[in-house]
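In the UniProt record's numbering, the protein residues as written are 1 to 59. The beta carbon of each residue, even a glycine, is placed where N, CA and C say it ideally should be.
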Amino acid sequence: MPAKDFLDLEEKKNLQKALKEEERAEVRERILMFLLLNDGKTQREIAEFIGCSLKTVAP
């Protein structure tokens with residue numbers, strides 16, 4: 001079972017803001033990965049959602 005809600009409210013808000021404001025696609029993708037992990041999505045679910053390899057998502 002993936003970890004869920006490991007970000008506190010302030011961290012989550014900061015990442016959501018950065019996701020909207022960041023110009024670099026690769027940084028937005030990484031931020032989105034953190035937010036989806038925080039929501040309890042698996043690495044496989046995230047890779048499929050984003051359209052990247054599992055290796056890209058795995059730490």
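- Annotated three-state conformation of Lys4 is coil, per DSSP.
- The Cβ atoms of Gly40 and Asp8 lie no closer than 9 Å to each other.
- Between the alpha carbons of Ala58 and Leu36 lies a gap of roughly 13 Å.
- Boundaries of the alpha helix (DSSP H) around Ala47: Gln43 to Ile50.
- The beta carbon of Ile46 sits closer than 6 Å to those of Met33, Leu36 and Val57, all from its chain and outside the five residues before and after it, given in chain order.
- For Glu23, same chain residues with a beta-carbon under 8 Å away, outside a window of 5 residues either side, do not exist.
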